[in-house]
Every structure is written in structure tokens, then in C-alpha cells.
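Going by the numbering used here, 79 is the number at position 79 of the sequence shown; the sequence numbering is gapless.
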Amino acid sequence: MIPPGYPAPARPSVVRPLWSLAGPAFSAVLAAALLMAPIGPLVSAIKRDLGLSTSAMTVTVVAQYVAATLALVAPGYLLGRRWPTATAVPALVLLIIGSVVSAFTPGAALLAVGRVIVGLGAGTVVGVALALSGQLGRWRSRAQLVLGLALGAALLLGPVASGMLAQAMSWRTVFLVDVPVAMVALAGTVASGIAMWVVRPSPPRPATAPATTTPLPGGTWLGGPGH
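As C-alpha cells, then:
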């Protein structure tokens, strides 16, 4: 309890270890790659296999994912500042489920559902990664720069990797490959979350008021040292 007249101590800012960013950052890079993956050979393969027009393909595969992703970046950021592991783990589970649904879909309707599920998970993990990158103390600026470069590289390389897989195997393989990658990110996120819980610092002690003294007649003081 803080005595009247004394200001309340400022709440200390959260500083997390650099390694806490590894799992969520890897997840965010995967999410960025998935954003640009449906470009080029992958689009042509899906259109041919499912009999979709260009407009239907855009709505089913691209627009659904983008809308779901953008909708959850901000909530993922806000929740990730307080509970990064508890926020990122369910999001990665959604990403895995959505990828499996997208890979084994028999038609356009279920493919759209899978892309929405993937987008919800992807947007959340991007928000968590952005939140953690701002809580790394002296590493914050460099971590944000590296994260930004990695996301940009994923946006550029996503169509290349997906196109190569679609031509070498099938478009369903592109979505299936996301599953083990997301599972690696999930394992890293869980491990870093456990480590953060183990090494978390003890809460600061509350501020105490200085001792007061009361003069009595005859020069005697109460409340001072020795009393």
C-alpha cells in the first residue's frame, strides 16, 4: 500500500530476451510467404484442377486470406504484448488446420474456408512478432530491422517457392509443406514460452515511505533509530 502523498511507482516496461522472438518471427515469415504464394504457376494449377475462373480464384484464394490476415494483426499485436505464447500457439494451430483443409479440399468452397482459417492464424502471429520485436530492450531496433527484411524477402520468395513446388509436384503439396514448417515454428514458440516462464524476473518490491519522527517535550523523539 502506498501512503497518501507519495506518487505511485511507474509500471516497469516489459523487456524480453532476444531468443523469445525466434518462434513468432519464423511464423510471421511463413505467413508473409503464404500471402504471395498464390501467384504464377500455383494459381494456374488450382484454376485448372478446380475449374475456377480468374475472378473466383482471386476471391477464393487471395482475398479471403488477405482479409482474414489484416483483421487479426492488431488484436495479435495487443494480446502478444501481454501473452505472446498464449496468443501465438492457438494461431499456429489454426494455421496448421487451415493448411490441411486447403490441401485436401475437393472444391472452391472448402478451399475458401481453409484460406480464411490460415489467414486468421497468420495475422495473429504477425501481430505477436511485431509486438515482441518492440520489447527486446537494446536489441529492439536491430530486431525490427531484421524482421522487416525477413518479411520482405518472404513476400518476394513466396511465389518462387510455391511455383517450383506446384510444377514439380502439385498445388496441394504447396499447402502440405506449410504444415511441418508451422509445426517447427509452434515447437519453437512453445519452447521459448516455457523458457520465459522459467527465467521470468521476480516482481519489484513496493515502495515504502520513509520513517517519520515526532518530537516530545524535553527533546525526546519518537519513531527515530533505536525506538
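C-beta atoms are modelled at their ideal positions from N, C-alpha and C, and glycine is treated no differently.
None of the values given here were measured: they were computed from a predicted structure.
Practice problem: Could you check if VAL118 is buried or exposed, using at least 16 other CB atoms within 10 Å of its CB as the buried criterion? | Solution: Position 118 of the sequence shown holds residue 118. Classification for VAL118: buried.
Quiz item: When you compare each of LEU157, VAL160, LEU130 and PRO159 to VAL146 by their alpha carbons, which one comes out closest?
Solution: Position 146 of the sequence shown holds residue 146. Check the Cα spacing between VAL146 and each of LEU157, VAL160, LEU130 and PRO159: the tightest is with LEU130.
Quiz item: Would THR124 be called buried (16 or more neighbouring beta carbons within 10 Å of its own) or exposed?
Solution: Residue mapping note: residue 124 aligns to position 124 of the sequence shown, counting from 1. The residue is buried, with at least 16 neighbouring Cβ atoms inside 10 Å.
Quiz item: What are the complete alpha helix (DSSP H) segments, minimum 4 residues, inside the region 6-71?
Solution: Annotation: the region 6-71 contains the following complete segments of the alpha helix (DSSP H) (minimum length 4 residues), in chain order: 22-36, 41-50 and 54-57.
Practice problem: Count the other C-beta atoms from every protein chain shown that fall within 10 angstroms of the C-beta of ILE46, then say buried if there are 16 or more, exposed otherwise. | Solution: Translated into the one-based positions of the sequence shown, residue 46 becomes position 46. By the Cβ neighbour-count rule, ILE46 is buried, with 16 or more other Cβ atoms within 10 Å of its own.
Quiz prompt | Exposure label - THR54; buried when at least 16 CB within 10 Å | solution = One-based indexing of the sequence shown puts residue 54 at position 54. In summary, THR54 is exposed, with fewer than 16 beta-carbon neighbours lying within 10 Å of its beta-carbon over all protein chains present.
Practice problem: Express the C-alpha separation of ALA25 and THR58 in angstroms, rounding to a whole number. | Solution: Working through the sequence shown from its first residue, we reach residue 58 at position 58. Working through the sequence shown from its first residue, we reach residue 25 at position 25. Take the alpha-carbon of THR58 and the one of ALA25: they are about 27 Å apart.
Quiz item: Nearest-angstrom Cα distance between ALA195 and LEU18?
Solution: In the sequence shown, counting from the first residue as 1, residue 195 sits at position 195. In the sequence shown, counting from the first residue as 1, residue 18 sits at position 18. C-alpha separation (whole angstroms): 12 Å.
Quiz item: Would you call SER202 buried or exposed, if buried means 16 or more other Cβ atoms sit within 10 Å of its Cβ?
Solution: Here residue 202 corresponds to residue number 202 of the sequence shown, with the count starting at 1. Unreliable positioning characterises SER202 in this predicted model, as indicated by a pLDDT of 47, which lies under 50. The coordinate reading is nonetheless provided below. Classified as exposed, SER202 has fewer than 16 neighbouring CB atoms from the shown chains inside 10 Å of its CB.
Quiz prompt | Spatial distance of VAL113 from ARG142 (CA atoms) | solution = The sequence position of residue 113 within the sequence shown is 113, counting from 1. The sequence position of residue 142 within the sequence shown is 142, counting from 1. Just so you know, the alpha carbons of VAL113 and ARG142 end up roughly 37 Å apart.
Quiz prompt | For ALA74 and GLY127, believed in contact at Cβ under 8 Å, the rounded distance | solution = Looking up residue 127 in the sequence shown gives position 127. Looking up residue 74 in the sequence shown gives position 74. In this structure, GLY127 and ALA74 form a Cβ contact; the two beta carbons are roughly 6 Å apart against a cut-off of 8 Å.
Self-check item: Cβ pair LEU42, VAL174 closer than 7 Å
Solution: Within the sequence shown, residue 42 is the residue found at index 42, counting from 1. Within the sequence shown, residue 174 is the residue found at index 174, counting from 1. Cβ atoms of LEU42 and VAL174: closer than 7 Å.
Quiz item: Roughly how many angstroms lie between the CA atoms of LEU88 and GLY80, to the nearest whole one?
Solution: In the sequence shown, the residue the question calls residue 88 occupies position 88. In the sequence shown, the residue the question calls residue 80 occupies position 80. Just to set this straight, residue 88 is Ala in the shown sequence, not Leu. So the two alpha carbons sit approximately 8 Å from each other.
Practice problem: Can you give me the Cβ contacts of TYR65 inside the same chain, cut-off strictly under 6 Å, excluding the 5 residues immediately before and after it? | Solution: Your numbering for residue 65 matches position 65 in the sequence shown. Excluding sequence neighbours, TYR65 sits near ARG115 and GLY119.
Quiz item: What does a CB cutoff of less than 8 Å around LEU176 pick up in its chain, not counting 5 residues either side in sequence?
Solution: Mapped onto the sequence shown, residue 176 falls at position 176. These residues qualify, in order along the chain: SER99, VAL100 and ALA103.
Quiz item: Under three-state DSSP, which class holds THR105?
Solution: The sequence position of residue 105 within the sequence shown is 105, counting from 1. Here THR105 sits in coil by DSSP.
Quiz item: For the alpha helix (DSSP H) that contains SER192, what are its first and last residues?
Solution: Residue 192 sits at position 192 when you count from the first residue of the sequence shown. 171-198 is the span of the alpha helix (DSSP H), which, as asked, contains SER192.
Quiz prompt | GLY23 and ALA185 closer than 7 Å at C-beta | solution = Start at 1 with the first residue of the sequence shown, and residue 23 comes out as number 23. Start at 1 with the first residue of the sequence shown, and residue 185 comes out as number 185. Cβ atoms of GLY23 and ALA185: closer than 7 Å.
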